[in-house]
Amino acid sequence: MKLDTLKYGFDSTTMPSDSLGDYWSPEVTAQLAEQDWAMTSLRDRLDLPAWQSFTADLPRDPYVNQRWKRMSWLALDGNGEVQDMGHCPMAQGGAFNDAESMADRLRYYAPLTETFLQRPDVKAFVRAWARLWKLQANEPILMQITGVRGKGQVDPLQGQGIHADGCQALSIMVVSRHNVTGADNHLYADKAGTRPVADATLDPGDILHLRDDRLYHSVDAITQQNAEEPFERFIIIINSRFVDPFQNRVLRRHFPDAVLNEAS
12 MKLDTLKYGF DSTTMPSDSL GDYWSPEVTA QLAEQDWAMT SLRDRLDLPA WQSFTADLPR
72 DPYVNQRWKR MSWLALDGNG EVQDMGHCPM AQGGAFNDAE SMADRLRYYA PLTETFLQRP
132 DVKAFVRAWA RLWKLQANEP ILMQITGVRG KGQVDPLQGQ GIHADGCQAL SIMVVSRHNV
192 TGADNHLYAD KAGTRPVADA TLDPGDILHL RDDRLYHSVD AITQQNAEEP FERFIIIINS
252 RFVDPFQNRV LRRHFPDAVL NEAS
């Protein structure tokens with residue numbers, strides 16, 4: 012499946028007055044309930060070129076070659092406002108992450124910039140995303156800007172293959188995709204990949220939601236389309252309600268009062 016290409020323009024006058032009430036179309040919630048995944052476009056909800064500008068100063072990922080990344084832990088407060096929870100490393104147990112460079116390790120990254128987090132369309136996105144997944148106040152939300160750039164070919168998953176991220180709520184939005192072939196997303200009902208569910212190619216502004224505790228996902232290798240210029244593909248990853256005990260232990264250590272999914 013591939014979403015129809017929509018215009019990339021952004022007009023703030025078309026933003027709905029209740030950005031939470033109708034941020035997601037009814038089809039999104041219905042599809043999530045029926046099939047555990049959904050796709051839609053947010054090109055009329057946010058200023059995509061402005062979001063793309065924040066990929067320019069991403070630090071290199073210290074654990075993975077050819078990748079750049081920032082991440083922050085966020086949560087809604089009792090009034091439904093987006094708060095930066097502060098520092099906590101990313102932690103993925105080997106049961107969820109097979110990559111040798113990442114499994115069962117604490118990984119530390121530079122935070123998302125305050126300029127990015129204070130954008131009204133970023134706050135509206137996080138609030139609406141939390142509402143889509145019915146998150147409570149003080150549930151940690153991990154939000155990342157991450158991606159690859161360069162020449163030749165690169166595996167954007169860096170060896171993870173078909174995998175789950177160790178959570179219940181997961182969404183992936185493509186921010187930029189330039190001079191790229193490949194990078195097709197695949198969903199499966201099993202880790203072995205014998206029961207495919209869906210295939211999708213995400214353009215900038217497209218977002219894929221999935222119940223990560225019920226489906227597995229992968230993405231194809233990225234290949235430079237025009238050899239005369241470099242490629243890049245950057246994405247937003249946002250997820251919450253972790254079922255990975257390793258990540259939950261680290262979250263509890265850093266955020267003693269957070270609402271965690273520790274019963275899983």
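Counting the sequence shown from 1 gives a position; the working numbering is that position plus 11.
Ideal placement from N, C-alpha and C gives every residue a C-beta, glycine not left out.
- The DSSP-derived three-state label of Ser36 is coil.
- Check the Cα spacing between Leu262 and each of Val230, Ile249, Arg188 and Met101: the tightest is with Met101.
- For Lys134, the uninterrupted alpha helix (DSSP H) segment begins and ends at Pro131 to Leu143.
- The three-state secondary structure of Thr212, taken from DSSP, is strand.
- When the Cα atoms are used, Pro151 and Cys99 turn out to be separated by approximately 10 Å.
- Between Leu219 and Leu213, the C-beta gap is smaller than 8 Å, which places the two residues in contact.
- Within 10 angstroms of the beta-carbon of Pro215 lie 16 or more other beta-carbons, which makes it buried.
- Secondary structure of Pro256 (DSSP, three-state): helix.
- By the criterion of a C-beta distance shorter than 7 Å, Arg71 is surrounded in its chain by Trp79, once the five residues flanking it on both sides are discounted.
- Counted as a single uninterrupted DSSP element, the stretch harbouring Leu59 is not any beta strand (DSSP E) but the alpha helix (DSSP H) occupying residues Leu59 to Ser64.
- DSSP places Val191 within a strand segment (E or B) once states are collapsed to three.
- If the five residues before and after Asn149 are omitted, its C-beta is found closer than 7 Å to the C-beta atoms of Ala86, Asp268, Ala269 and Val270, all from its own chain and listed in chain order.
- Relative to the Cα of Glu45, the nearest Cα in the group Asn237, Val208 and Arg188 belongs to Val208.
- In this structure, the beta-carbon distance from Ile156 to Leu69 falls below 8 Å.
- Secondary structure of Arg206 (DSSP, three-state): coil.
- Out of Gln258, Ala211 and Gln94, the CA that lies nearest to the CA of His228 is found in Ala211.
- For Val185, the closest of Pro241, Ile249 and Lys162 by C-alpha to C-alpha distance is Ile249.
- Note on geometry: alpha-carbon atoms of Asn259 and Arg116 lie some 13 Å from one another.
- Annotation: the continuous alpha helix (DSSP H) that includes Leu128 extends over Glu125 to Leu128.
- In this structure, the beta-carbon distance from Leu128 to Trp84 does not fall below 8 Å.
- The C-beta separation of Lys202 from Ile247 comes to about 24 Å, leaving the pair out of contact by the 8 Å criterion.
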